[in-house]
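Visitor:
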Amino acid sequence: MRVLVLDHADMPGPDAAVAHLAARGASPEIVHAWKGDPIPDLAGFDGLMVMGGPQMVTDLADLPWMAEEIATLRAALAAGLPTLCICLGAQMLAHALGAKVGPHPEGRLAFGFERLHALPVAPGAAPNPVPDGLAVLCGNAQGFALPEGVEPLAAGRGTWPNLAFRTGSALALQFHPEVTRPILSTWQAEWPGAHDRPGGQPRATQDADFPRLDPPLKAWLRGMLDARFGLLPAPTKAGAPAFRSQS
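Heads up: the sequence shown runs through residues 1 to 247, numbered per full-length UniProt numbering.
Written as structure tokens, this is what we have:
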């Protein structure tokens with residue numbers, strides 16, 4: 001299975017989502033369009049992941065690569081390609097579907113753990129893949145309104161009311177199940193002022209919460225990825241799982 005991964009930042013090591021795909025025997029191909037990588041045609045892929053990053057949808061007019069990624073998202077939806085959108089990816093999907101994306105009206109952000117409130121789904125719909133009460137790591141300065149016609153899956157109790165939705169073959173998450181401890185440490189170093197802003201958690205709280213709250217989040221991530229992309233345990237092979245990056 002080939003999964004196209006549209007990534008938006010240089011971080012230490014693979015994130016947990018990419019690592020799990022590789023461990024299951026899939027072939028994640030990481031593309032950094034923001035650095036000039038061409039976005040390949042979706043015809044050769046079995047899935048799409050659009051990840052988070054520091055860029056903003058509100059800067060779309062100055063980011064031609066983002067417009068290309070949004071066009072890729074629309075093409076994936078039209079083709080019914082299994083798609084996962086995380087944080088910035090979720091905001092791009094919301095924008096592609098006509099919803100407003102932007103900063104919090106009171107200048108708040110989200111940086112730290114919060115617990116999800118899972119929403120009921122319509123009778124006859126597939127079960128909600130997001131468990132109620134799951135503690136998730138958030139890290140974003142913008143959020144989105146729900147696009148018309150999507151199925152809301154999770155609400156936040158903190159800065160942002162909309163934390164997950166699905167539509168067609170796509171699942172959108174306004175939180176970060178893929179973040180590893182090294183990635184969080186990088187965020188903390190690069191975004192130090194966020195700890196003191198409304199919606200930001202103190203670094204000491206994040207450091208204390210991560211060992212306790214991350215294992216169940218990663219367990220959920222692995223199960224969700226297996227279900228979304230139809231992954232099966234990979235045959236035992238010598239050596240580490242492989243993933244490819246164009247950059």
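Note that beta-carbon positions come from the ideal geometry of N, C-alpha and C, so glycine has one too.
1. Whether or not the region 162-177 and the region 216-230 are in contact is what I'm after, with contact meaning three or more pairs of Cβ atoms, one per stretch, closer than 8 Å; do they touch?
2. By DSSP, does Thr83 sit in helix, in strand, or in coil?
3. Considering only residues of the UniProt domain "Glutamine amidotransferase" (19-105), which uninterrupted beta strand (DSSP E) runs meet the minimum length of 3 residues and lie entirely inside it, listed in chain order?
4. Pick helix, strand or coil for Gln174, following the three-state DSSP scheme.
5. Just how far apart, CA to CA, sit residue 258 and Pro161?
6. Tell me whether Leu232 is buried or exposed, calling it buried when 16 or more other Cβ atoms sit within 10 Å of its Cβ.
7. Give the straight-line distance between the Cα atoms of residue 249 and Leu225, rounded to the nearest whole angstrom.
8. Measure the C-alpha to C-alpha separation of Val18 and Pro28 and round it to an integer number of angstroms.
9. Could you tell me how far apart the beta carbons of Val130 and Ala118 are, in whole angstroms, since I believe they sit closer than 8 Å?
10. Quick check: the region 122-129 against the region 194-204, are at least 3 beta-carbon pairs closer than 8 Å?
11. When burial is assigned at 16 or more other CB atoms within 10 Å of the CB, is Arg228 buried or exposed?
12. Alpha carbon to alpha carbon, what distance is there between Asp196 and Leu84?
13. Can you check which of these residues, Gly47, Ile183 and Pro103, is closest to Gly80 by C-alpha distance?
14. What number of angstroms, rounded off, separates the C-alpha of Ala141 from the C-alpha of Leu109?
15. My understanding is that Ala194 touches Phe111, with C-beta atoms under 8 Å, so please give their C-beta distance in whole angstroms.
Guide: This is what the structure gives:
1. yes
2. strand
3. 27-31, 47-50, 83-86 and 101-103
4. coil
5. Summary: the structure shown does not reach residue 258, with the chain confined to residues 1 through 247, and so no result is reported for it.
6. exposed
7. Since the first and last residues shown for the chain are 1 and 247, residue 249 lies out of range.
8. 7 Å
9. Right, the Cβ-Cβ distance comes to about 5 Å (below 8 Å), so this counts as a contact.
10. no
11. By the C-beta density criterion, Arg228 is buried, having at least 16 other C-beta atoms within 10 angstroms.
12. 31 Å
13. Gly47
14. 5 Å
15. 4 Å
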